[in-house]
Amino acid sequence: MTKGQHLTKHQQGIVNRYYANLDTITLTKLQELVTEIYLATSDKARAKLWERVDTALAKTELDALTRTRIMNQRDVKALAEMVQTLSKK
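Residue numbers (our numbering): 43 to 131.
1. Using the Cβ count rule (16 or more neighbours within 10 Å means buried), how would you classify I67?
2. On the three-pair Cβ rule with 8 Å, is the stretch 118–126 touching the stretch 74–82?
3. In chain order, what residues of the same chain lie with their CB nearer than 7 Å to the CB of T102, ignoring the 5 residues before and after it?
4. Closest by CA to L104, which one among T50, H52, V76, M124?
5. Beta-carbon within less than 8 Å of L49's beta-carbon, same chain only, minus the 5 sequence neighbours each way: which residues are those?
6. May I ask you to report which of helix, strand or coil DSSP gives M43?
7. Report the CB separation of L72 from A98 in whole angstroms; it is logged as a contact under 8 Å.
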C-alpha cells in the first residue's frame, strides 16, 4: 500500500477550492480578528488574538517589515488600515 492520502474526486475538489480561495479566507479571518481585538476586554484575550493575527499575516503577501511593525505596535487601527489595503488588491 502506498503512503499518502487517497482522496475521492469530490474531496479533491473541496481541497482545491479551499486553496484557490485561501487569500479570501485569510483576509476574512483578519477582518474578524480586528473586530475581536477591538471588543476584547482583557489583556490576556487580546494577546491570544494578536497571536492569531500573526499567524494569519504570515499567510498574506505582506512584506516582513510591515508585518513586524504591526505586530510590535499592536495597534488595531494600523491593522485595520492594512487589512483594508489588502482587501483592495
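In this text, a Cβ means the ideal position worked out from N, Cα and C, and glycines have one as well.
A quick look at the data gives this:
1. exposed
2. Here the stretch 118–126 lies against the stretch 74–82, with 3 or more beta-carbon pairs under 8 Å apart.
3. T68, L128
4. For L104, the closest alpha carbon among the candidates T50, H52, V76, M124 is that of M124.
5. V57
6. Residue placement at M43 is flagged as unreliable, the pLDDT there being 40, under the threshold of 50; a coordinate-derived value is accordingly withheld.
7. 5 Å
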